[in-house]
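Structure first, then comments.
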Amino acid sequence: MSIDIDVREPRSGLLHDLGSHELTNGFIGFLFSCTGPVAVILAVGQGAGLSAGAVASWVSAVFCLNGVLTIIASRWSRQPLVYFWTIPGTVVVGQAMSAGTTWPEAVGGFVMAAVLLLALALTRQVDRVMHLLPMPIVMAMVAGVFLRFGTDLVLAVDRDLAIAGPMVAAFVAVSAIPRLARWLPAVLAALAVGAVAVSFADRPAVQVTGRWVVDPVWTAPSFTGSAFVELTIPLLVTVLVVQNGQGMAVLRAVGHDPRMNQVTGWCGVTSLVAAPFGGVSTCLAGPTNALVTASGEPRRHYAAAIWCGVLAIGFGLLAPGMVRAITTMPEAYVAALGGLAMLKPLQGAFQSAFSGPHVTGALVTFLVTVADITVLNIGSAFWGLVVGVVVSVLLDSDSRNSREDGDSRNSEEKS
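Following my numbering, the numbering of the sequence shown begins with 4 at its first residue and continues without gaps.
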């Protein structure tokens, strides 16, 4: 008679698991998140006419609160769960505000999205909602809202070559050397070179006033039907389908298995707390999680995520000074910085939208979104999704075939 004894590897402590790989990967993940994605917030905030204080509160909220969530979730699950904010959702905010949505209404949209995320998690309906919209249609909408950043970059170079030109050159130079780009984000190089270019240009001296440490700005939410349709629904779609779906795929590819309902629930809770301070919806950050799990033992990846969360909190506490400094820069500087940060996401959105099925629907979605129309006081991101899905159902053969296959399976089950 044999007796099987379950011998489990003892859990090591956090400090023991925080080795050179984890420290390096966590720092690189943080560095990625505090360069390009922050540039997008700054560009959207400036384009929407928000005050430097409101933008600083936005940045502080998404870094501090998501940093805390990252630490708690990663420590509790012993898996790398880095949370930040939805970049496509941030761009949708700018588009909605350019169509007439006020900042309090946008905050109300954030709150409604948070409540829906939490409700879907509690009722375990996340997977069902994620499969309602084809990914190519969603990514075509994302490409449409991202496109403005690319065109603004071109316009910045045309209108202010002395500022935007050196930034583009620095970005290209660093990107052309993969080893250098791994340690020095190209956007960070562009930021630094652009600052030098501004100092040498014949421009008025930059005067930065105000607090340099965290200074939350409370915005009372205003709830409107138009904000729900043109902001809350796109936010919900981008968090669930684009961001969390990508984040889950990244983590599962390296051997981790987070639970989608738990991830969505945490996103809802944190988004609800962050919203009144300007924080856009929380999501599981795919690119950052890919960076923190790039090397090292999988069982230690959670330590890299925790380190990334600690750095995020520190950055959030000091964000107001940085935001005030950048928002006083020339308009071309912010436009070029945001455009360079969005080049890779824009490329990825196009590839996802037009490399698979639903191509016709994706094309129509993209065109409607780019047209920036407003119908019934609702912006084009929502109408792009609606029209794109309808066109895909009617014209895309893959969509029709999948629908027919589903009907035949249902008939077989009934018989």
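Every residue gets a Cβ at the ideal spot worked out from N, C-alpha and C, and that includes glycine.
- By the criterion of a C-beta distance shorter than 6 Å, C311 is surrounded in its chain by G29, G32, F33, V85 and V295, once the five residues flanking it on both sides are discounted.
- In this structure P219 does not touch V110 by the C-beta definition: roughly 13 Å separates them, more than the 8 Å allowed.
- Per DSSP, the beta-bridge partners of L287 are Y86.
- Within the same chain, Cβ atoms closer than 6 Å to the Cβ of V337 are found at L45, A46 and Q49, the five residues on either side in sequence being excluded.
- Cα atoms of H304 and P83: separation of roughly 5 Å, rounded to the nearest angstrom.
- Nearest C-alpha to M100 among R127, N69, M133 and V148: V148.
- In the DSSP assignment, H24 falls within the alpha helix (DSSP H) that extends over S23 to S36.
- Annotated three-state conformation of S358 is coil, per DSSP.
- Here DSSP, grouped into helix, strand and coil, assigns T372 to helix.
- For A172, the uninterrupted alpha helix (DSSP H) run begins and ends at L164 to S178, by DSSP.
- Taking a contact as a CB-CB distance under 8 Å, the pair P169 and V190 does not count as one, their CB atoms being some 14 Å apart.
- The beta carbon of V276 sits closer than 7 Å to the beta carbons of L68 from its chain, once the five residues preceding and following it are set aside; these are given in chain order.
- Taking all protein chains in view, the Cβ of W186 is surrounded by fewer than 16 other Cβ atoms within 10 Å, so the residue is classified as exposed.
- Residue burial is scored here from C-beta neighbours: G258 has fewer than 16 other C-beta atoms within 10 angstroms and is therefore classed as exposed.
- In the DSSP assignment, A55 falls within the alpha helix (DSSP H) that extends over A55 to S80.
- Taking 8 Å as the cut-off, the beta carbon of L21 is found closer than this to the beta carbon of A306.
- Close CB contacts of I140 within its chain, under the 7 Å cut and outside five residues either way in sequence, are with H361, G364, A365, T368, L388, G391, V392 and S395 (chain order).
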